[in-house]
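Before any comments, here is the structure.
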Amino acid sequence: MAIPPKPVEEGGAGHGCGHNLLGSAALLAACALKDWLAETGTPGRVRYYGCPPEEGGAAKSFMVRDGAFDDVDAAICWHPSGMTRVDEAQSLANTWMDFAFTGRASHAAAAPHLGRSALDAAELMNVGVQYLREHIPQESRIHNAYLEAGGTAPNVVQARAVTRYAIRSTTLSGMRSLNERVQDIARGAALMTGTKVDISIMSAVSNMQGNTPLEEAMQQVMDSLGGVPFDDADRDYAARIQATLSNEDINAEYRQNGLVPRKDSPLCDYVVPADSRGPAMMGSTDVADVSWAVPTVQARVATHAIGTPGHSWQITAQGKAGAAHKGMIHAAKIMGSTARMLMADKGLLARAKQDHRSRMEVEPYVCPIPEDVTPPLVKRPAA
């Protein structure tokens, strides 16, 4: 008897970036490829990786660090999008770093001189980082969130405060340099306030490495398959979603892909040309670390209305819609067909590996996660 699915949280939201679709399309592609290998007698092995959540956890970075891809020839993946195209292989290296300040509690009115405020230290760090932003490469990003702010009593000098920073750069070496500068600011804030700071890395990912032979092969597959076959019901729903968005949201996605904005097409039912490029709008992904380990290519496949912002209620609402399902199946076809080309053409695989080796000669891979850092959901054994 099948067990009906249950929500993780009753009444909770779905996924805000389309990741609920990732594994299903990849598994469909893997199964189709397995069947093709068996039917044709083509030698080869297809491996399907079930990956834990990547946002914040950097699961694939840990997997690469621990050798999960050491015997892999190439990796093929995808991500839901408003447009269908070969991914541009641009992302920011990113470290999630926690800063735990420890001070001394005291009565804020009767004996403030005896207190050492951890919250003051965290706030001074934030001010220092704000001044730093003027003096870093413009593509870099630094943002933070308070995990602990010392409690809710304003008449007590807060003895503990914890803040988490996401530190991003276009290169691994640039991120490491920026990490050190942010850490120095934290140490200075602790010195100014008479507190102590404990600095720990939660997770980290690298910047994406491209692979020209694989990207050209996937583009060929996309051009052959065409766009996602949406129907009128999909377009109607997407139009209603677009009505909740601003023109700026919608036009930004067109321009990011080097296209002229259109008003008559709420869904992308075509393939963005290979030579169509706009200004880079980069986030971070743990797929990047896989791309340093093996030749990697990623598809972007339309599953939601053009212009839908990531991490919004609109993308969550579209996560199980008909368009999302059609895009998911189309992504499986793209990945499976690209893998078939790779297995049938040994020359393609050789060119992909050579392209990867040449990129690694520029900057050899060093995992951005220190060896002593364990995945966030894995508890360390008791000493």
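Residues in the sequence shown are numbered consecutively from 0, following numbering that gives the first Met the number 0. The beta-carbon is built from N, C-alpha and C at its ideal position, and this holds for glycine as well.
Q: Compare the Cα-Cα distances from residue 29 to each of 373, 19, 20 and 44 and report the closest residue.
A: What you label residue 29 is simply residue 30 of the sequence shown in a count that begins at 1. Of 373, 19, 20 and 44, the residue nearest in Cα terms is 44.
**Q.** Of the listed residues 102, 22 and 368, nearest to residue 157 (C-alpha basis)
**A.** Here residue 157 refers to the residue found at position 158 of the sequence shown. Ranking the options by Cα distance to residue 157, first place goes to 102.
(Q) What residue range does the alpha helix (DSSP H) around residue 139 cover? (A) Against the sequence shown, residue 139 aligns to sequence position 140. Residue 139 -> no alpha helix (DSSP H), and no H or E assigned at all.
Q) Which word fits residue 329, buried or exposed, when buried means at least 16 other C-beta atoms lie within 10 angstroms of its C-beta? A) The residue you call residue 329 lines up with position 330 of the sequence shown. With 16 or more other Cβ atoms within 10 Å, it is buried.
Q.
Quick check on DSSP: helix, strand or coil for residue 227?
A. Residue numbering aside, residue 227 sits at position 228 when the sequence shown is read from its first letter. DSSP places residue 227 in coil when its eight states are reduced to three.
Q. So what's residue 352 in DSSP terms, helix, strand or just coil?
A. Sequence index remark: in the sequence shown, residue 352 carries index 353 (1-based). Correct three-state label for residue 352: helix.
Q. So, do the region 90-97 and the region 165-173 have three or more beta carbon pairs nearer to each other than 8 angstroms?
A. Taking 8 angstroms as the limit for Cβ pairs, the verdict is that the region 165-173 does touch the region 90-97.
(Q) Distance check for residue 296 and residue 211, CA to CA, integer angstroms please. (A) For this step, residue 211 is matched to residue 212 along the sequence shown. For this step, residue 296 is matched to residue 297 along the sequence shown. Going from the Cα of residue 211 to the Cα of residue 296 covers about 9 angstroms.
Q: Grab the span of the alpha helix (DSSP H) containing residue 98 for me, first residue to last.
A: Position 99 of the sequence shown, counted from the first residue, corresponds to residue 98. Element bounds for residue 98: not the alpha helix (DSSP H) but the beta strand (DSSP E), 92-101.
Q. Span of the alpha helix (DSSP H) holding residue 249?
A. Here residue 249 refers to the residue found at position 250 when the sequence shown is read from its first residue. Residue 249 -> alpha helix (DSSP H) spans 246-255.
Q: Buried or exposed for residue 303, please, with buried defined as at least 16 other CB atoms from any protein chain shown within 10 angstroms of its CB.
A: Locating residue 303 in the sequence shown gives position 304, counting from the first residue. So residue 303 counts as buried.
Q. By the 10 Å Cβ neighbour count, where 16 or more other Cβ atoms means buried, how is residue 252 classified, buried or exposed?
A. Reading the sequence shown from its first residue, position 253 is the one you call residue 252. Result: buried.
Q. Mind checking whether residue 270 and residue 230 have CB atoms under 8 angstroms apart?
A. As a first step, residue 270 is located in the sequence shown; it is residue number 271 there, counting from the start. As a first step, residue 230 is located in the sequence shown; it is residue number 231 there, counting from the start. No; because the gap between Cβ atoms is not below 8 angstroms, this pair is not in contact.
Q: Count the C-beta pairs between the region 306-323 and the region 17-33 that are closer than 8 angstroms, then say yes if the count reaches three, no if not.
A: yes
Q: State the Cα-Cα distance for the pair residue 1 and residue 336, rounded to the nearest angstrom.
A: Reading the sequence shown from its first residue, position 2 is the one you call residue 1. Reading the sequence shown from its first residue, position 337 is the one you call residue 336. Unreliable placement is indicated for residue 1, whose pLDDT of 48 sits below 50; the coordinate value is still reported in the next sentence. Looking at the two C-alpha atoms, the distance is approximately 32 angstroms.
(Q) Would residue 286 and residue 174 be called neighbours here (beta carbons separated by less than 8 angstroms)? (A) Within the sequence shown, the letter at position 287 stands for residue 286. Within the sequence shown, the letter at position 175 stands for residue 174. Taking 8 angstroms as the cut-off, the Cβ atoms of residue 286 and residue 174 do not count as close.
(Q) In the DSSP output, what is residue 390 paired with across the bridge? (A) Outside the modelled stretch of the chain, which goes from 0 to 382, sits residue 390, for which no answer is possible.
Q. Just the Cα atoms here: how many angstroms apart are residue 237 and residue 142?
A. Translated into positions along the sequence shown, residue 237 becomes position 238. Translated into positions along the sequence shown, residue 142 becomes position 143. Answer to the nearest angstrom: the Cα atoms are 32 angstroms apart.
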